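Asks: Encoded as structure tokens, here's the structure I'll be asking about.
Protein chains: 4
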Amino acid sequence: MVNPPRKSDLTQSIVKAEVIKVDPASGAPSSGRALRAQGRRTMQRLLDAGLKVFAKRGYHVARVDDIVKAAKTSHGTFYLYFTNKEDLLRALAVDCAEELTALSSTLGAVSRDQKGWDELRYFLGNFTKTYQRYGPVIRAWMENQVQDSEIDRLGVKAFTAVGDVLGRRMKEAGVDYTVSETVTVAAFMAMLERVSYGVASGRIIEDEDLLIDTMTSIAHRGFFGASAILD
Amino acid sequence: MVNPPRKSDLTQSIVKAEVIKVDPASGAPSSGRALRAQGRRTMQRLLDAGLKVFAKRGYHVARVDDIVKAAKTSHGTFYLYFTNKEDLLRALAVDCAEELTALSSTLGAVSRDQKGWDELRYFLGNFTKTYQRYGPVIRAWMENQVQDSEIDRLGVKAFTAVGDVLGRRMKEAGVDYTVSETVTVAAFMAMLERVSYGVASGRIIEDEDLLIDTMTSIAHRGFFGASAILD
Amino acid sequence: MVNPPRKSDLTQSIVKAEVIKVDPASGAPSSGRALRAQGRRTMQRLLDAGLKVFAKRGYHVARVDDIVKAAKTSHGTFYLYFTNKEDLLRALAVDCAEELTALSSTLGAVSRDQKGWDELRYFLGNFTKTYQRYGPVIRAWMENQVQDSEIDRLGVKAFTAVGDVLGRRMKEAGVDYTVSETVTVAAFMAMLERVSYGVASGRIIEDEDLLIDTMTSIAHRGFFGASAILD
Amino acid sequence: MVNPPRKSDLTQSIVKAEVIKVDPASGAPSSGRALRAQGRRTMQRLLDAGLKVFAKRGYHVARVDDIVKAAKTSHGTFYLYFTNKEDLLRALAVDCAEELTALSSTLGAVSRDQKGWDELRYFLGNFTKTYQRYGPVIRAWMENQVQDSEIDRLGVKAFTAVGDVLGRRMKEAGVDYTVSETVTVAAFMAMLERVSYGVASGRIIEDEDLLIDTMTSIAHRGFFGASAILD
DNA sequence: GATGAATGAGATTTCATTCAT
DNA sequence: TATGAATGAAATCTCATTCAT
Chain R
4 MVNPPRKSDL TQSIVKAEVI KVDPASGAPS SGRALRAQGR RTMQRLLDAG LKVFAKRGYH
64 VARVDDIVKA AKTSHGTFYL YFTNKEDLLR ALAVDCAEEL TALSSTLGAV SRDQKGWDEL
124 RYFLGNFTKT YQRYGPVIRA WMENQVQDSE IDRLGVKAFT AVGDVLGRRM KEAGVDYTVS
184 ETVTVAAFMA MLERVSYGVA SGRIIEDEDL LIDTMTSIAH RGFFGASAIL D
Chain Y
4 MVNPPRKSDL TQSIVKAEVI KVDPASGAPS SGRALRAQGR RTMQRLLDAG LKVFAKRGYH
64 VARVDDIVKA AKTSHGTFYL YFTNKEDLLR ALAVDCAEEL TALSSTLGAV SRDQKGWDEL
124 RYFLGNFTKT YQRYGPVIRA WMENQVQDSE IDRLGVKAFT AVGDVLGRRM KEAGVDYTVS
184 ETVTVAAFMA MLERVSYGVA SGRIIEDEDL LIDTMTSIAH RGFFGASAIL D
Chain U
4 MVNPPRKSDL TQSIVKAEVI KVDPASGAPS SGRALRAQGR RTMQRLLDAG LKVFAKRGYH
64 VARVDDIVKA AKTSHGTFYL YFTNKEDLLR ALAVDCAEEL TALSSTLGAV SRDQKGWDEL
124 RYFLGNFTKT YQRYGPVIRA WMENQVQDSE IDRLGVKAFT AVGDVLGRRM KEAGVDYTVS
184 ETVTVAAFMA MLERVSYGVA SGRIIEDEDL LIDTMTSIAH RGFFGASAIL D
Chain X
4 MVNPPRKSDL TQSIVKAEVI KVDPASGAPS SGRALRAQGR RTMQRLLDAG LKVFAKRGYH
64 VARVDDIVKA AKTSHGTFYL YFTNKEDLLR ALAVDCAEEL TALSSTLGAV SRDQKGWDEL
124 RYFLGNFTKT YQRYGPVIRA WMENQVQDSE IDRLGVKAFT AVGDVLGRRM KEAGVDYTVS
184 ETVTVAAFMA MLERVSYGVA SGRIIEDEDL LIDTMTSIAH RGFFGASAIL D
């Protein structure tokens, strides 16, 4: 039988997720200004507000006005910390890229058996965690919403890091029949990201564990050659 | 071995695509005005221009000014045919929904063998064709770019039509182990759409046939339970 | 005695000034848009309003809002014709540069006698005319108010044209004792411009003819070596 | 021949300049607060920074932020010593006005011979010195950049002091043919100021001694009736 | 039918000045 | 005495939509 949707150990994955989180305060001021405690707090409030507002209807639609309202501060203050909306996104992108890169190291070998399924399951759980916070940034990358090439580069780099690991693990799994590696990896990431977005946006309503289990099964078979019927 | 990437009959699929296309002039003026030949031509120019401009950086970013320039006409004329930018999208959405609905009927039973692969391959080829024209509309739905709920409803309906067929075919294929049907179907559509967008946006560069072959193999195994190794 | 402040023939200088005026409608739309009669009128209204508002407290202090109010139009309309305030200045600068260049050809040989005085008087009268219209632009150049290097170049070119003629005429007059030509010409232009500005700004209140006569006498002696006492 | 550009005694003029300088610390705090040593130092740093920053692109363009950065202090501190940006200018204007007034007493009788030329030369040298420090303030007056009428009054007063001396010396020299005294004096000051600004701004590049010599010769002939050819 | 012109609401951004520590 | 943080009024600019010919 296949992957008896073993209730994944959520606590465990949370613990690991903590380990992944790389200095969340890394959102350093774009300008070189040294910040004191109060300034750092305000900046963090703005970063959080940015994520929150971007999450609602996307980066493009978000207004600086919405962000400062959410951060309970003023326009003037916003421009004290960021040169513009894009600059705020950039700061978030840096953090997000770090987290994604760290994430890429949490995927071990994916065998075709239950052990491989578990491994994949764990990885997808971690991705979901990251998406819960940085979804808006990942979405902005995925939807090509960014003009700024520097931010784009960050995204490409982070996605490549994850994609490389996926590709390597697929090869190890002996998935030699895959016709185009580029497309395969892209397809995997696309599926992952969009489904996560569907959940975040409320379009897909499903129990989180069930969701991850389903994605894991699909990926295990579709990308890692697991048989639909395990014995 | 499975699915010897049989060179798909492109001509054939084009022919079928023609059949699919349901009255391309169906984008009737929202205002309900009766149009003479010249008027119909102008309107078609605007619709085409809309698709072209939306394709570049998405519906939201597109300016009415860009559209009228691409259509070689004026602002005044635009508002003669459409009540606003959204109205143009709606007209395109109607056509796109029809095409997607028609598309959903082109997927036969997907067995786990080569025949099933071919069937799936044919369907994905058709989807690709549709995306080449209506990509911007599908993208707008997928990225939640639309405010107007009527347009959204059109999208949901069309996606449901396709999703239903997919779900039915999966069930027929005996993929009963799939944990959540909602998620499964969503994952399939997401993969399909995003990879198509990746190609359209130039981010994924790959030979079209190879691309479709790859997607087919992944889907065949991931969603329809085909074994990685057929004998 | 020198220069019996012969009442200068104002009419005549006006006539010549007309000749000088090089296509006042030359303020073509910065963008390539072709303009109809109404559009040209609006644009001209904005150009005139620009001069008027710049005249009040200078280019820098002027607000786009003041300009559109003076032109009895809206913000939107302003940006239809000019990309920003600087662009409006540029359009004016082009016209002004043409007029200054034309002006430079209206100075004949300046002998040390009454004839030379008359020649100089005529030239200064013409300059005054030009300043009455384009003073704000000349002032912006003189006060280094412009960031844009293209506008600056226009100014330098026009000033050089005038300066060159002055320098040539001085040399012809045998003013070999002048220690630095650069400084001499600069001093002449500076005097001319600032006194004109003084009048335009209301700081210097003096009868126009008397003013020009005075400037002529100073310049005739200071720059062209005329004796204070002619016999 | 006239005025063999006798190498002016720079040292001497510097010495005299020192004499002119009237209590440089006179820029007392507008608020009237008594200041200790540290406070006086901070204030002086701000005043110097003001001059430095104003020199770059003018009073209007200068930002308080630039000033505090140049003074290596903070916004808060700035407003501890000055009520606003204009107040800083006012403090500088007071000092500048004193220096200009003192300057006006350094011009003796200007005869038409070499002795007169030397006298004028000395005066212009002194003016140049003053401009080197207070140029930005003088420029602000000259370019009408100040809103505040009190500052303006200071400027008018200082300029009048200098102008009066000039006028008196011209009359003494028997320059009775000058048509309008107002205009004559204005022209002289304008020439002086703008050429100095040209040098300060880097637009005019010329050896300082040569520059002063040239100005002296022009003024000697143009305003004081010296003959171009002395015997 | 078609078009260029005009509009104004709303978004972004700057910066002198005040506040709190 | 000093400072970093915060503010908000005012300026710039964009763009969907309406108007007049």
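Chains as they are written, first to last, in the working numbering: chain R, 4 to 234; chain Y, 4 to 234; chain U, 4 to 234; chain X, 4 to 234.
Ideal Cβ placement from N, Cα and C applies to all residues, glycine included.
Just so we're clear, the structure is a prediction, and the values are computed from it rather than from any experiment.
Please say whether leucine 169 of chain Y and valine 188 of chain Y have beta carbons closer to each other than 7 Å?
Replies: Reading the second sequence from its first residue, position 185 is the one you call residue 188 of chain Y. Reading the second sequence from its first residue, position 166 is the one you call residue 169 of chain Y. In this structure, leucine 169 of chain Y lies closer than 7 Å to valine 188 of chain Y by Cβ.
Asks: According to DSSP, is histidine 63 of chain Y part of a helix, a strand, or is it coil?
Replies: As a working note, residue 63 of chain Y is residue 60 in the second sequence. Histidine 63 of chain Y falls in the coil class under three-state DSSP.
Asks: Helix, strand or coil, according to DSSP, for valine 198 of chain X in the structure here?
Replies: Taking the fourth sequence and counting its residues from 1, the one referred to as residue 198 of chain X is at position 195. Valine 198 of chain X: helix per DSSP, three-state reduction.
Asks: Is leucine 54 of chain U close to chain X, meaning its C-beta is less than 7 Å from at least one C-beta of that chain?
Replies: For the purposes of this step, residue 54 of chain U is taken as the residue at position 51 of the third sequence. Not closer than 7 Å to any Cβ of chain X, the Cβ of leucine 54 of chain U fails to qualify, so no.
Asks: Given alanine 222 of chain X, which residues of its chain have a CB within under 7 Å of its CB, disregarding the five upstream and five downstream residues?
Replies: Along the fourth sequence, one-based indexing puts residue 222 of chain X at 219. The answer, listed in chain order, is Leu123 and Phe191.
Asks: Report yes if the C-beta of arginine 48 of chain Y is less than 6 Å from at least one heavy atom of the ligand MN; otherwise report no.
Replies: Here there are no bound small molecules, and the ligand MN is not part of this structure.
Asks: Pull up the distance between the alpha-carbon of valine 67 of chain Y and that of proline 139 of chain Y, whole angstroms please.
Replies: Along the second sequence, one-based indexing puts residue 67 of chain Y at 64. Along the second sequence, one-based indexing puts residue 139 of chain Y at 136. Whole-angstrom Cα-Cα distance: 15 Å.
Asks: Between which two residues does the alpha helix (DSSP H) harbouring aspartate 210 of chain R extend?
Replies: What you label residue 210 of chain R is simply residue 207 of the first sequence in a count that begins at 1. Where aspartate 210 of chain R is concerned, there is no enclosing alpha helix (DSSP H), given that its DSSP letter is neither H nor E.
Asks: State whether the region 82–97 of chain X contacts the region 150–158 of chain X, with contact taken as three or more CB pairs (one from each stretch) at a distance under 8 Å.
Replies: Flag = yes, the region 82–97 of chain X and the region 150–158 of chain X touch.
Asks: Would you say threonine 187 of chain U faces chain X, with C-beta separation under 7 Å as the test?
Replies: Taking the third sequence and counting its residues from 1, one reaches residue 187 of chain U at position 184. True, the Cβ-Cβ gap to chain X drops below 7 Å.
Asks: Distance check for aspartate 90 of chain Y and alanine 73 of chain Y, CA to CA, integer angstroms please.
Replies: Counting from one through the second sequence, the residue named residue 73 of chain Y turns up at place 70. Counting from one through the second sequence, the residue named residue 90 of chain Y turns up at place 87. Going from the Cα of alanine 73 of chain Y to the Cα of aspartate 90 of chain Y covers about 18 Å.
Asks: Between Y:Lys75, Y:Ala161, Y:Gly42 and Y:Gly228, which lies nearest to serine 108 of chain Y when the distance is taken from Cα to Cα?
Replies: Along the second sequence, one-based indexing puts residue 108 of chain Y at 105. Of the listed residues, the one whose Cα sits closest to serine 108 of chain Y is Y:Ala161.
Asks: Quick check on serine 216 of chain U - is its C-beta less than 7 Å from some C-beta in chain X?
Replies: One-based indexing of the third sequence puts residue 216 of chain U at position 213. Going by the sequence as given, residue 216 of chain U is aspartate instead of serine. True, the Cβ-Cβ gap to chain X drops below 7 Å.
Asks: Do the CB positions of phenylalanine 57 of chain Y and valine 71 of chain Y come within less than 7 Å of each other?
Replies: Counting from one through the second sequence, the residue named residue 57 of chain Y turns up at place 54. Counting from one through the second sequence, the residue named residue 71 of chain Y turns up at place 68. No; because the gap between Cβ atoms is not below 7 Å, this pair is not in contact.
Asks: Check whether the Cβ atoms of threonine 217 of chain R and serine 183 of chain Y lie closer than 7 Å to each other.
Replies: What you label residue 217 of chain R is simply residue 214 of the first sequence in a count that begins at 1. What you label residue 183 of chain Y is simply residue 180 of the second sequence in a count that begins at 1. Closer than 7 Å, so yes.
Asks: Would you say glycine 170 of chain X faces chain U, with C-beta separation under 7 Å as the test?
Replies: As a position in the fourth sequence, residue 170 of chain X is number 167, starting the count at 1. No, no contact with chain U.
Asks: Looking only at its chain, what residues have a beta carbon closer than 8 Å to the beta carbon of phenylalanine 85 of chain R, apart from the 5 residues adjacent to it on each side?
Replies: Locating residue 85 of chain R in the first sequence gives position 82, counting from the first residue. Closer than 8 Å at Cβ, skipping near neighbours: Ser33, Leu49, Leu91 and Ala94.
Asks: Between which two residues does the alpha helix (DSSP H) containing threonine 131 of chain R stretch?
Replies: The residue given as residue 131 of chain R occupies position 128 in the first sequence. Where threonine 131 of chain R is concerned, the enclosing alpha helix (DSSP H) stretches over 117–145.
Asks: Any beta carbon of chain X sitting closer than 7 Å to that of asparagine 87 of chain U?
Replies: What you label residue 87 of chain U is simply residue 84 of the third sequence in a count that begins at 1. It does not; no Cβ of chain X falls within 7 Å.
Asks: Does the separation of the CB atoms of glycine 225 of chain U and glycine 53 of chain X fall below 7 Å?
Replies: Translated into the one-based positions of the third sequence, residue 225 of chain U becomes position 222. Translated into the one-based positions of the fourth sequence, residue 53 of chain X becomes position 50. Their beta carbons are not under 7 Å apart, which means glycine 225 of chain U does not touch glycine 53 of chain X by this criterion.
Asks: Verify the CB distance criterion: does glycine 201 of chain X have a CB-CB separation below 7 Å to chain U?
Replies: Residue numbering aside, residue 201 of chain X sits at position 198 when the fourth sequence is read from its first letter. Output row for glycine 201 of chain X: interface = yes.
Asks: What is the rounded straight-line gap between the Cα of glutamine 41 of chain Y and the Cα of threonine 76 of chain Y?
Replies: In the second sequence, the residue the question calls residue 41 of chain Y occupies position 38. In the second sequence, the residue the question calls residue 76 of chain Y occupies position 73. Roughly 13 Å between the two C-alpha positions.
Asks: Less than 7 Å between the C-beta atoms of tyrosine 62 of chain Y and glutamine 117 of chain Y, yes or no?
Replies: Locating residue 62 of chain Y in the second sequence gives position 59, counting from the first residue. Locating residue 117 of chain Y in the second sequence gives position 114, counting from the first residue. No; because the gap between Cβ atoms is not below 7 Å, this pair is not in contact.
Asks: Please check the pair glycine 128 of chain Y and isoleucine 215 of chain Y, which I expect to be a contact at CB under 8 Å, by giving their CB distance rounded to whole angstroms.
Replies: Looking up residue 128 of chain Y in the second sequence gives position 125. Looking up residue 215 of chain Y in the second sequence gives position 212. That pair is a contact at about 6 Å.
Asks: Give me the residue from U:Ala105, U:Tyr125, U:Glu101 and U:Gln47 with the minimum Cα distance to alanine 112 of chain U.
Replies: Taking the first residue of the third sequence as position 1, residue 112 of chain U is located at position 109. Measuring from the Cα of alanine 112 of chain U, the nearest candidate turns out to be U:Tyr125.
Asks: Which bits of chain X does isoleucine 207 of chain U rub up against, with CB to CB less than 8 Å?
Replies: Residue mapping note: residue 207 of chain U aligns to position 204 of the third sequence, counting from 1. What isoleucine 207 of chain U touches in chain X: Thr185, Val186 and Ala189.
Asks: Assign glycine 205 of chain X to one of two classes, buried (16 or more other C-beta atoms within 10 Å of its C-beta) or exposed (fewer than that).
Replies: As a working mapping, residue 205 of chain X is identified with position 202 in the fourth sequence. Exposed, by the Cβ-count rule.
Asks: By DSSP, does alanine 203 of chain U sit in helix, in strand, or in coil?
Replies: Locating residue 203 of chain U in the third sequence gives position 200, counting from the first residue. Three-state DSSP puts alanine 203 of chain U in a helix.
Asks: Under three-state DSSP, which class holds arginine 172 of chain R?
Replies: By one-based count along the first sequence, residue 172 of chain R stands at place 169. Here arginine 172 of chain R sits in helix by DSSP.
Asks: Could you work out which residues of chain X lie near glutamate 146 of chain U, taking near to mean beta carbons separated by less than 7 Å?
Replies: Sequence index remark: in the third sequence, residue 146 of chain U carries index 143 (1-based). Chain X residues near glutamate 146 of chain U: Glu146.
Asks: I need the straight-line Cα distance from glycine 1 of chain R to serine 114 of chain R, nearest angstrom please.
Replies: The structure shown does not extend to residue 1 of chain R, since chain R spans only 4 to 234, so no value can be given for it.
Asks: Could you check which residue in R:Met46, R:Val202, R:Leu83 and R:Asp51 has the C-alpha nearest to that of methionine 145 of chain Y?
Replies: Position 142 of the second sequence, counted from the start, is the residue given in the question as residue 145 of chain Y. Here the closest residue by C-alpha is R:Val202.
Asks: Identify whether leucine 38 of chain U lies in helix, strand or coil by the three-state DSSP scheme.
Replies: Taking the first residue of the third sequence as position 1, residue 38 of chain U is located at position 35. Leucine 38 of chain U falls in the coil class under three-state DSSP.
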